[in-house]
Every structure is written in structure tokens, then in C-alpha cells.
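Undergrad:
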Amino acid sequence: MYALDLSGFGASETPKNPYSLDDYARSVFKFIQTLKLKKIILVGHSFGGSVAIKLAATHPKIIQKLILVSSSGIRKMTAKKRAVGFIAKCVKPFFRSRYMQPFRKKLYILIGAEDYTATPKLTETFRLIVNEDLALILPKITQKTLIIWGDKDRATPLKDAYIFEHLIQNSALVVLKGAGHYSFLDKQDEWIEAVERFI
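Counting from 4, one number per residue, gives the positions in the sequence shown under the numbering used here.
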């Protein structure tokens, strides 16, 4: 079993330039090639789920099974989001001022993106990634896929789980009641049981 700290996360170095989702996928693929790993069961949580989706869609011979846990990757441009986007553009100069720095960090923490507040490059990385919609590549995933979600998840809404289940042909969804975005911590025993059944 290998647990990776992606560039800019945990103990890994911050990338010199803003990373796209494809950049992250390539770095994980390079890790897989270096260790000559085969028939991988790939687990991705939140943003890691987006990276896992990219890898599963582009390297089906290497990724044997896929487990997505409260994965990001679904982007819906509703009227509400358009309005929020317009307001965000209007307040952008003020929001970036040094007076707003403490509040800006709290906002990123609130939406579950505190890792991206570390440096300006990671903030730009966050912008690149959240603007990418993976819905179009989900049907390309042929691997058996387990989707695990907490019904109290506020970072990635439960409705996204049903979109993943619908678009990934060979998938099954497990919803853990009372669990939030970190279902593997909130409902550890149930989470492990679901994974063991799948594996």
C-alpha cells in the first residue's frame, strides 16, 4: 500500500509553477512507472478523486479497480453560481488585499481548500482545478468502481455521488449515514467494511 502526498500537499514540495489536473495525474503515473506497479486498486479522496479519475480514464490497463471517496470533479454552472462568480470578480481586488488575508484563509478552510492557501502558486492551482469538469470523461472509465460518500458532506454534495454512479458504467455507490467529507474518519468501521467487500 502506498499513500502519496501530492505536490503542494502534506510533506511534498510545492510545485514551481501552478499545476493542472493533468500535471498531477502525470506525476502519479510517473510514480507508478518508477515502482513498476501493476493491477492497481487506486483510491482517491476529494481532489485526489479527480486525479484518480484522470488516471483510470487514460491508463485502464494499469488501474484495475477504482475507489472514489467524496470526489471532486463535477462542475455545474447554475444561475446561482454565475451570480456568485460575477460578484467574486467585482470584489476580487479587495479580496486580494492584505487586509483580507485572515478572512481569505478562513474562507478556503470553510470550503475545504485550506491546502491551497499556502502559496500564491497553490491558489492558482486551485483555480485551474476547480474550473475543470470531469463529467465528459467519466463514461470512459471501464474499471469496477466503488463510490463512497457521507450523506452530511458539505464540501462535495451527495448529489454529485449520484452523477458519478450514473456516468461510470461499472460502479456502485455506498452512502454512509451521518458521515461528512471525511467519511473514513467519521464512520471508520463501515468505511473499511465497504472497501473490503469491494476488494
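Idealized CB from N, CA, C, for every residue including glycine.
Per DSSP, what kind of secondary structure is Gln36 in: helix, strand or coil?
TA: In the structure shown, Gln36 sits in a helix (DSSP, three-state: H, G or I).
Undergrad: Could you please give the first and the last residue of the uninterrupted alpha helix (DSSP H) stretch that includes His61?
TA: Looking at the sequence shown, residue 61 is not His but Thr. Phe50 to Thr61 is the span of the alpha helix (DSSP H), which, as asked, contains Thr61.
Undergrad: Skipping 5 residues on each side, what residues in its chain have a beta carbon closer than 7 Å to that of Lys155?
TA: If we look at Lys155 and ignore the five residues flanking it on each side, its Cβ neighbours are Gly181, Ala182 and Gly183.
Undergrad: To the nearest angstrom, how far is it from the Cα of Ala82 to the Cα of Lys57?
TA: Only weak support is given to the placement of Ala82: the predicted model assigns it a pLDDT of 38, under 50, and the value that follows is read from those uncertain coordinates. Going from the Cα of Ala82 to the Cα of Lys57 covers about 28 Å.
Undergrad: Around the C-beta of Val87, are 16 or more other C-beta atoms found within 10 angstroms, so that it is buried, or is it exposed?
TA: Since pLDDT at Val87 reaches only 42, below the 50 mark, its modelled position is unreliable, and the value read off the structure follows with that caveat. By the 10 Å Cβ count, Val87 comes out exposed.
Undergrad: Leaving out five residues before and five after Ala164 in sequence, what residues of the same chain have Cβ atoms less than 6 Å from its Cβ?
TA: Once the five neighbours on either side are set aside, the close Cβ partners of Ala164 are Ile150, Trp152 and Leu176.
Undergrad: What span of residues does the alpha helix (DSSP H) with Ala164 cover, start to end?
TA: First-last of the alpha helix (DSSP H) with Ala164: Leu161 to Leu170.
Undergrad: Quick one: grab the DSSP three-state call for Leu24.
TA: Here Leu24 sits in helix by DSSP.
Undergrad: So, helix, strand or coil for Ile195, using DSSP?
TA: Three-state DSSP puts Ile195 in a helix.
Undergrad: On the CB-based measure, 16 or more other CB atoms within 10 Å of its CB, does Cys93 come out buried or exposed?
TA: Caution applies to Cys93, whose pLDDT of 47 falls short of 50 and renders its modelled position unreliable; the value that the coordinates give is listed next. With fewer than 16 other Cβ atoms within 10 Å, it is exposed.
Undergrad: Could you tell me the alpha carbon to alpha carbon distance between Glu168 and Arg29, rounded to whole angstroms?
TA: Spanning the two alpha carbons is a distance of roughly 25 Å.
Undergrad: Using beta-carbon positions only, say whether Leu7 and Val31 come within less than 8 Å of one another.
TA: Yes.
Undergrad: Where does the unbroken alpha helix (DSSP H) through Ser186 begin, and where does it stop?
TA: Ser186 -> alpha helix (DSSP H) spans Ser186 to Asp189.
Undergrad: Excluding sequence positions up to five away, which residues of its chain have a Cβ less than 7 Å from the Cβ of Asp192?
TA: Cβ within range, chain order: n/a, list empty.
Undergrad: Near Val54, which residues of its chain fall below 8 Å by C-beta distance, leaving aside the five closest residues on each side in sequence?
TA: Closer than 8 Å at Cβ, skipping near neighbours: Leu9, Leu24, Tyr27, Ala28, Val31 and Gly47.
Undergrad: CA-CA distance, Ile35 and Ile171?
TA: If I take the Cα positions, the gap works out to 23 Å.
Undergrad: Grab me the residues of Tyr201's own chain with a C-beta within less than 6 Å of its C-beta, minus the 5 sequence neighbours each way, in chain order.
TA: It should be pointed out that residue 201 corresponds to Phe in this sequence rather than to Tyr. Answer for Phe201: Leu149, listed in chain order.
Undergrad: Out of Ser74, Arg78, Tyr5 and Glu196, point me to the one whose CA is closest to Ile44's CA.
TA: The residue with the shortest Cα to Cα distance from Ile44 is Tyr5.
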